[in-house]
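*Asks:*
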Amino acid sequence: MEDMISIIICTHNRATLLQDTLRSLLKMNVPVNGRIELLIVDNASTDNTRSVIDSVFKEGQKFDVRTLFEPALGKTHALNNALSNASGDILVFIDDDHIVTEDFIIAINQAVREFPDFTLFCGRLLPNWDGSEPQWLHDNEVYPIRPYPFPYYDQGDKIIEIKLDDSLFLPQGGNLVIRKTVIQKIGLFSKKLGPKGHNLGGGEDMEFIRRALHYGERLLFVPRVLQYHQVHGARLTLPYLVKKAYLRSKVACELNEGPSVQRIGTVPLYLFGQAVDRFIKALFAVNKDA
Numbered sequence: 008m009e010d011m012i013s014i015i016i017c018t019h020n021r022a023t024l025l026q027d028t029l030r031s032l033l034k035m036n037v038p039v040n041g042r043i044e045l046l047i048v049d050n051a052s053t054d055n056t057r058s059v060i061d062s063v064f065k066e067g068q069k070f071d072v073r074t075l076f077e078p079a080l081g082k083t084h085a086l087n088n089a090l091s092n093a094s095g096d097i098l099v100f101i102d103d104d105h106i107v108t109e110d111f112i113i114a115i116n117q118a119v120r121e122f123p124d125f126t127l128f129c130g131r132l133l134p135n136w137d138g139s140e141p142q143w144l145h146d147n148e149v150y151p152i153r154p155y156p157f158p159y160y161d162q163g164d165k166i167i168e169i170k171l172d173d174s175l176f177l178p179q180g181g182n183l184v185i186r187k188t189v190i191q192k193i194g195l196f197s198k199k200l201g202p203k204g205h206n207l208g209g210g211e212d213m214e215f216i217r218r219a220l221h222y223g224e225r226l227l228f229v230p231r232v233l234q235y236h237q238v239h240g241a242r243l244t245l246p247y248l249v250k251k252a253y254l255r256s257k258v259a260c261e262l263n264e265g266p267s268v269q270r271i272g273t274v275p276l277y278l279f280g281q282a283v284d285r286f287i288k289a290l291f292a293v294n295k296d297a
């Protein structure tokens, strides 16, 4: 019998983007005899999220759909709510602004059967370019813009194991697959991390993956497990880029460093220098297109 798969989407006030995500799920090819449920966690939304969910699934339904409400604002609260209610042996995480490919679940189903020694899986996460984005996002010459102002992950065309030593290249939680046994072994997502609303916080996924690998779990990159990230126009600006790069770098450094690191308040001292350096590089990259 096929493993049951729980697809988990946590959302907050993104009804329009969520609609595109849900419609892409309806276009997925589903394995023969596949057992799939979709858990959508409404994280204190005040827009028309619930009506969008209802309207999309009036168009058709290939799997069981459950909508949960999490009143405590914060993605980790929503994630842990879903984990506490998921019925599946395989847990599949999708962000509410992602588009999945038609063979997304087929690829996951094949990977978990062919690689039983692995308990975590990830795939490609690419931007859904539409041609309206500024050219500096594609500039890989003198002053490349990194990190992107949106999630991006690609380790090439081959299936490879991602190890803890590769911590600079760990995936993000928007395209992550785990066996439920991992939760039973290491626990839930850390409530100390993660975004609250759309405040650009993060790190809950990185901390979870690092913790799992530390406890001996194994992570496999499967390129066929592919999603596309919707490109938000508001994010393609220099202020957004600098703010996100700083906040994500801060979280990454806090997960990698010890208590002896010099700080100003709670912020590691060397991050101020890195922020200035990245700002100057980004400024040159933008001005080059002017």
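Residues in the sequence shown are numbered consecutively from 8, following our numbering.
Here a beta-carbon is modelled for each residue, glycine too, at the ideal position from N, C-alpha and C.
Quantities reported herein were computed from a predicted structural model and do not represent experimental measurements.
(1) Whole beta strand (DSSP E) runs in the region 48-99 with 3 or more residues, listed along the chain?
(2) In terms of DSSP beta bridges, what is T18 paired with?
(3) So, at 7 Å on beta carbons, what are the nonlocal neighbours of D27 in its own chain, with the 5 sequence-adjacent residues on each side left out?
(4) Pull up the CB-CB distance for I97 and V119, whole angstroms please, since I reckon it's below 8 Å.
(5) When the Cα atoms are used, what is the spatial distance from N20 to A114?
(6) Around the C-beta of L33, are 16 or more other C-beta atoms found within 10 angstroms, so that it is buried, or is it exposed?
(7) For G180, tell me which candidate among K192, C17 and R231 has the shortest Cα-Cα distance.
(8) Would you report the Cα separation of H221 and E66, rounded to the nearest angstrom?
(9) What residue from D137, I112, N135 and W136 has the CA that sits closest to F128's CA?
(10) Starting from Q117, follow the alpha helix (DSSP H) in both directions and report where the run begins and ends.
(11) Pick from F122, K165 and N116: whose alpha carbon is nearest that of D10?
(12) Which residues does DSSP list as the beta-bridge partners of P38?
(13) Cα separation between K170 and L226?
(14) Give the single residue among D71, A85, I185 and S13 whose Cα lies nearest to the Cα of T126.
(15) Give the DSSP bridge partners of N182, in chain order.
(16) Could you check what DSSP says for L228 in three-state terms: helix, strand or coil?
(17) Can you tell me which of G81, L80, A79 and L75 puts its alpha carbon nearest to the alpha carbon of N89?
(18) Exposed or buried, N182, counting other C-beta atoms within 10 Å across all chains shown (16 or more means buried)?
(19) Measure the CB-CB distance between F228 and G130 and report whether it falls below 8 Å.
(20) Taking just the CA atoms, how far does D124 sit from K82?
(21) Alpha carbon to alpha carbon, how far is L200 from T108?
(22) Which residue or residues does DSSP assign as beta-bridge partners of V107?
(23) The beta strand (DSSP E) that contains E9, what's its start and end?
(24) So what does DSSP say about I190, is it helix, strand or coil?
(25) Suppose the cutoff is 6 Å on Cβ atoms and the five residues either side in sequence are ignored; what does the same chain contact list for L233 look like?
(26) Excluding the 5 residues flanking Y7 on each side, which residues of the same chain have their C-beta closer than 8 Å to its C-beta?
(27) Report buried or exposed for S13, applying the criterion of at least 16 other Cβ atoms within 10 angstroms of its Cβ.
(28) Report the residue from E224, E121, L86 and K192 whose alpha carbon sits nearest the alpha carbon of D212.
*Replies:* In terms of the structure at hand:
(1) List check, beta strand (DSSP E) in window: 71-77.
(2) Here T18 is bridged, per DSSP, to D49.
(3) Closer than 7 Å at Cβ, skipping near neighbours: I106 and Q237.
(4) With a Cβ gap of about 6 Å, I97 and V119 count as contacting.
(5) About 30 Å.
(6) The residue is exposed, with fewer than 16 neighbouring Cβ atoms inside 10 Å.
(7) Looking at the Cα atoms, C17 is the closest of the given residues.
(8) H221 and E66 have their C-alpha atoms roughly 44 Å apart.
(9) Measuring from the Cα of F128, the nearest candidate turns out to be I112.
(10) Under the DSSP assignment, Q117 falls in the alpha helix (DSSP H) whose first and last residues are F111 to E121.
(11) Out of F122, K165 and N116, N116 has the C-alpha closest to the C-alpha of D10.
(12) Looking at the DSSP assignment, P38 forms no beta bridge with any residue, so it has no partner.
(13) Looking at the two C-alpha atoms, the distance is approximately 7 Å.
(14) It is I185.
(15) Looking at the DSSP assignment, N182 forms a beta bridge with I101.
(16) Inspection of the sequence shows that residue 228 is occupied by Phe rather than by Leu. Annotated three-state conformation of F228 is strand, per DSSP.
(17) Before going on, a small fix: residue 89 reads as Ala here, not Asn. The residue among G81, L80, A79 and L75 with its C-alpha nearest the C-alpha of A89 is L75.
(18) The residue is buried, with at least 16 neighbouring Cβ atoms inside 10 Å.
(19) F228 is a Cβ neighbour of G130, given a cutoff of 8 Å.
(20) Our two residues, K82 and D124, have alpha carbons roughly 29 Å apart in a direct line.
(21) Answer to the nearest angstrom: the Cα atoms are 29 Å apart.
(22) As computed with DSSP, V107 is found in a beta bridge with Q234.
(23) Going by DSSP, E9 is part of no beta strand (DSSP E) at all; its letter is neither H nor E.
(24) DSSP places I190 in helix when its eight states are reduced to three.
(25) Contacts found: T108, G130 and R131.
(26) The structure shown does not extend to residue 7, since the chain is modelled only from 8 to 297, so the question has no answer here.
(27) Buried, since its Cβ has 16 or more Cβ neighbours within 10 Å.
(28) That would be L86, whose Cα lies nearest to the Cα of D212.
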